[in-house]
Amino acid sequence: MALCYEELCKSPVETTKALFAFCDLPLTEATNEFLETSTTGTKGGYYSTQEDPLLAANRWRQELDSKTIEDITAVARRFASWRIVDQSPSPDSLFQDCAESTAGTG
14 MALCYEELCK
24 SPVETTKALF
34 AFCDLPLTEA
44 TNEFLETSTT
54 GTKGGYYSTQ
64 EDPLLAANRW
74 RQELDSKTIE
84 DITAVARRFA
94 SWRIVDQSPS
104 PDSLFQDCAE
114 STAGTG
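Using the working numbering, the final residue of the sequence shown is 119, and nothing's skipped along the way.
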């Protein structure tokens, strides 16, 4: 299973359910409650777990300059090339899919 952080932020409940199913783990009521309270869109404080996940996932687009983004992208592409499972998407397609999944949000 290839999992993109941006996709998790875009659809936290659905993505978490799929991840738990993939890992053959039960999705408990406590997990559902945590997902509900932690993705409400209000931020309680610096260390709070409550925040709009899409805003959090895309904050870097406003906070980082283009050179820093290019540097990070280069490193991420290098690490993404170390795929564990042969059937997983190519690094470039996965990277592109993640970028497209949140384009224009945030």
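In this text, a Cβ means the ideal position worked out from N, Cα and C, and glycines have one as well.
### Message
Taking 7 Å as the limit between beta carbons, can you name the residues of its chain near residue 69, skipping five residues before and five after?
### Response
22
### Query
For the 8 Å Cβ check, are there 3 or more pairs between the segment 45 to 52 and the segment 14 to 34?
yes
### Message
Applying the 10 Å Cβ sphere with the 16-neighbour rule, what's the burial state of residue 132?
### Response
There is no way to answer for residue 132, as the model of the chain reaches only from 14 to 119.
#### Entry: Reduced DSSP category for residue 68 - H, G, I as helix; E, B as strand; rest coil
helix
### Query
Which residue from 36, 31, 81, 67 puts its Cα closest to that of residue 52?
67
### Task
Step through the CB atoms of chain B and report whether any lies within less than 8 Å of the CB of residue 51.
Among the chains in the structure shown there is no chain B, since it carries only a single protein chain.
### Query
So residue 25 is in the alpha helix (DSSP H); what residue range does that whole segment cover?
Going by DSSP, residue 25 is part of the alpha helix (DSSP H) stretching over 25 to 35.
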